[in-house]
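Participant: Submitted below is the structure of interest, expressed as structure tokens.
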Amino acid sequence: MSKWLVILFSIKYILADPTPIVLWHGMGDTCCVDFSLGSFKIFLEKEIPGVYVLSLQIGNSTIEDFENGYFMHPNKQIQHVCKLLANDPKLSDGFNAIGFSQGAQFLRGLVQRCGHKLPAIKSLISLGGQHQGVYGLPHCGALQHASCDYVRKMLNYAAYYSWVQESLVQATYWHDPLDEDVYKKQSQFLADINNEREINKTYIENLNRLNKLVLVKFESDSIVQPRETEWFGFYAPGQAKVLQSLEQSDLYVQDRLGLKKMEESGKLVFLSTPGDHLQFPQDWFVEKILQPYLV
Ligand SMILES: *[C@@H]1O[C@H](CO)[C@@H](O)[C@H](O)[C@H]1NC(C)=O
Ligand SMILES: *[C@@H]1O[C@H](CO)[C@@H](O)[C@H](O)[C@H]1NC(C)=O
């Protein structure tokens, strides 16, 4: 009898549709062209036959998608994506999500602000996301583009001017540890989703509805500074040398985002890989992420 049950369950597993996956690309990237996230989508479709992969295009063309990564306010991007996903019938039974670089903190913002309007988001995979912001953009890596140089100059010069916050995506997660108060007051995106100004209970509840929040840190990351932000670490307040971990931060100690509870219930997963920003071998991804969290 039990043998038959096992066989029945196996058949059900084989026939069940795989959980869809939503991808959110990073700065200097686009959803769909081959040398960008397009090939990653094909890779997922090959590894998980029949899976529906939605790689988000923010804007109506590849060019707009690229430009919006610099110039469309994250609050607007999240509102836009919230509607898009809520109206996609293929996602109605729930989905997993993978964020690349800044796309990872935008996905977290989406979960926190809009999770109650969406089907269940099971695992959120953050690949090199900047959950405590950045202080410095040491070099632009492969992104040898005029926009990147412009961004670096603006951030060093005037990240917290309101017009910069309103017009430059990266300014909204610029985190100056020498002036935590200004960051908390002026950051229009990150300080809000990290509950720095006040505690929004909806954010906590929505984030805690995830099954897993998987945070991947790139150990040789030369683009994100400091790279500990990929695990919610950052510079200790008041200086830019000594780092502190998530567990040492006010965010955790005061439990402003419910991360303590998530960690205690095994929902927070910390992974690292030796490469530079977003550089990982496919077999690493299959073993550490795809098999445990996506199938
Ligand atoms: C796409 O184009 C439509 C029609 O022009 C516009 O209303 C919409 O805002 C555009 N979408 C984005 C994300 O820019
Ligand atoms: C908390 O977040 C929810 C979801 O985004 C929002 O509707 C609500 O207005 C926020 N509450 C406060 C006090 O800002």
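Read in order, the letters of the sequence shown are residues -16 to -1, 1 to 279 in mature numbering (1 follows the signal peptide of the UniProt record, and there is no 0). Cβ coordinates follow ideal geometry from the N, Cα and C atoms, glycine included. Every value quoted in this text rests on a predicted model; they were computed, and no experiment measured them.
1. Distance, Cα to Cα, residue 341 vs W8?
2. Taking 8 Å as the threshold, find out whether the segment 1 to 20 comes into contact with the segment 72 to 84 through three or more Cβ pairs.
3. Measuring from the CB of H261, is there a heavy atom of ligand 1 at a distance below 6 Å?
4. Going straight from the alpha carbon of D239 to that of P221, what length do you get?
5. Following a CB-centred definition, is G43 positioned closer than 6 Å to any heavy atom of ligand 1?
6. Counting pairs of Cβ atoms below 8 Å between the segment 178 to 193 and the segment 81 to 100, do you hit three or more?
7. Nearest-angstrom Cα distance between H64 and S110?
8. Give the straight-line distance between the Cα atoms of Q154 and V37, rounded to the nearest whole angstrom.
9. With DSSP as the reference, label F218 as helix, strand or coil.
10. Could you check whether the Cβ of T186 sits closer than 6 Å to any heavy atom belonging to ligand 2?
11. Say the cut is 6 Å; is the CB of R181 nearer than that to a heavy atom of ligand 2?
12. What does the alpha-carbon distance come out to for the pair S85 and Y157?
13. So, I62 versus G93, is the Cβ gap smaller than 7 Å?
Facilitator: Inspection of the coordinates gives the following:
1. Summary: the structure shown does not reach residue 341, with the chain confined to residues -16 through 279, and so no result is reported for it.
2. yes
3. What you label residue 261 is simply residue 277 of the sequence shown in a count that begins at 1. Answer for H261: no, Cβ out of range of ligand 1.
4. Locating residue 239 in the sequence shown gives position 255, where the first residue counts as 1. Locating residue 221 in the sequence shown gives position 237, where the first residue counts as 1. One C-alpha to the other measures close to 17 Å.
5. Mapped onto the sequence shown, residue 43 falls at position 59. Yes, the beta carbon of G43 sits closer than 6 Å to at least one heavy atom of ligand 1.
6. yes
7. The residue labelled residue 64 in the question sits at position 80 within the sequence shown. The residue labelled residue 110 in the question sits at position 126 within the sequence shown. Going by the C-alpha atoms only, they are around 20 Å apart.
8. Counted from its first residue, the sequence shown places residue 154 at position 170. Counted from its first residue, the sequence shown places residue 37 at position 53. Approximately 26 Å between the Cα atoms of the pair.
9. Against the sequence shown, residue 218 aligns to sequence position 234. Strand at F218.
10. On the sequence shown, position 202 is the one that residue 186 refers to. True, at least one ligand heavy atom lies under 6 Å from that Cβ.
11. Counting from 1 along the sequence shown, the entry for residue 181 is found at position 197. No - ligand 2 has no heavy atom lying nearer than 6 Å to the Cβ of R181.
12. As a working note, residue 85 is residue 101 in the sequence shown. As a working note, residue 157 is residue 173 in the sequence shown. S85 and Y157: Cα-Cα distance of roughly 12 Å.
13. In the sequence shown, residue 62 corresponds to position 78, counting from 1. In the sequence shown, residue 93 corresponds to position 109, counting from 1. Taking 7 Å as the Cβ cut-off, I62 and G93 qualify as a contacting pair.
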